[in-house]
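Each residue of the sequence shown is one higher than the one before, starting from 1 at the first, in the UniProt record's numbering.
Positions of the beta carbon are idealized from the N, C-alpha and C atoms, including for glycine.
Please read the structure below before turning to the comments.
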Amino acid sequence: MPQKSSGGDPVQVRYKLRPGIVLALQLIIALGIIVLFATAVFRIRGGEGSISEESATDQRVSIAGEQLDENSNPIPDTVEEPQGDFSEDPEIPDAATEDAAAKSSRTQLLIEETGIWIATDYAEGDINPGNYTVQSGDTLWEIAEAVYGSGSMWTMIRDANAGQIGFLANGSQALIVPGQVLSVPLQL
């Protein structure tokens with residue numbers, strides 16, 4: 001119960017805090033807010049953080065030590081050399097346009113000058129459906145961009161040449177080599 005002064009009014013007691021204690025209290029409150037915020041973010045993301053679309057599509061399943069792709073097919077332990085005859089079929093026209101050849105030549109020069117592998121940056125229409133001879137700097141993604149306008153359609157080329165396309169170190173079937181002739185299908 002508050003004490004009363006001789007005049008009947010309650011006595012006011014003032015506490016004076018040292019500056020160091022005030023700073024410590026402010027830090028404790030700030031840390032508490034940070035912990036609450038971090039906990040909320042952790043719960044919103046499902047407890048494990050978010051998984052990007054790229055990493056989600058590149059995950060592999062392993063059963064009894066054998067790696068499997070997204071279709072449950074075994075992934076070989078070693079990189080396979082492309083199989084088959086890569087000579088051009090005279091019935092199918094050459095798919096490379098003059099623009100594609102010029103871009104590939106510029107990319108080859110950059111690779112030789114810098115010693116760093118660079119993908120050729122094709123534009124839609126640089127390569128037409130038909131037989132296409134792989135150049136240094138080519139990827140299935142870039143070829144699909146040149147033919148279909150979207151690199152995400154690279155699987156059409158992979159599927160049309162499944163027996164000729166090797167496996168990358170990460171297990172993806174996407175290994176192509178310069179000089180290899182690919183059959184580039186029409187877009188459905």
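Whole-angstrom distance between residue j and residue i, CA atom to CA atom
i                : j                 : result
isoleucine 143   : isoleucine 34     : 48 Å
asparagine 128   : valine 147        : 5 Å
glycine 125      : leucine 110       : 23 Å
isoleucine 165   : glutamine 173     : 6 Å
glycine 179      : valine 134        : 5 Å
tryptophan 141   : serine 150        : 8 Å
proline 90       : arginine 45       : In this prediction, proline 90 has a pLDDT of 44, which is less than 50 and means its spatial position is unreliable; what the coordinates show is noted afterwards. Roughly 56 Å separates the two Cα atoms.
valine 41        : leucine 31        : 15 Å
aspartate 121    : threonine 107     : 8 Å
glycine 163      : leucine 175       : 11 Å
alanine 102      : glycine 130       : 19 Å
phenylalanine 37 : leucine 27        : 15 Å
tryptophan 117   : serine 104        : 12 Å
methionine 153   : phenylalanine 167 : 18 Å
glycine 171      : threonine 39      : 37 Å
leucine 25       : arginine 14       : 18 Å
alanine 100      : arginine 43       : 49 Å
glutamate 54     : glutamate 112     : With a pLDDT of only 46 at glutamate 54, under the threshold of 50, the placement of this residue in the model should not be trusted; the figure read from the coordinates follows. Those two C-alpha atoms are separated by around 31 Å.
alanine 123      : glycine 115       : 24 Å
glutamate 145    : serine 136        : 16 Å
isoleucine 29    : leucine 23        : 10 Å
tyrosine 132     : leucine 188       : 18 Å
proline 10       : isoleucine 21     : 28 Å
Boundaries of the beta strand (DSSP E) in which residue i is found, first to last residue
i          : result
valine 184 : 181-184
Delimiting residues of the alpha helix (DSSP H) encompassing residue i
i          : result
glycine 20 : 19-44
Pair within 7 Å by beta-carbon distance, residue i and residue j
i           : j              : result
valine 177  : isoleucine 157 : no
leucine 182 : asparagine 161 : yes
alanine 119 : threonine 139  : yes
Beta-bridge partners of residue i, as assigned by DSSP
i              : result
isoleucine 116 : Looking at the DSSP assignment, isoleucine 116 forms no beta bridge with any residue, so it has no partner.
Please specify which runs of the beta strand (DSSP E), each continuous and at least 3 residues long, are wholly inside the UniProt domain "LysM" (130-184), giving them in chain order. Counting only runs of at least 3 residues, the UniProt domain "LysM" (130-184) fully encloses the following beta strand (DSSP E) elements, listed from N- to C-terminal order: 130-133, 173-175 and 181-184.
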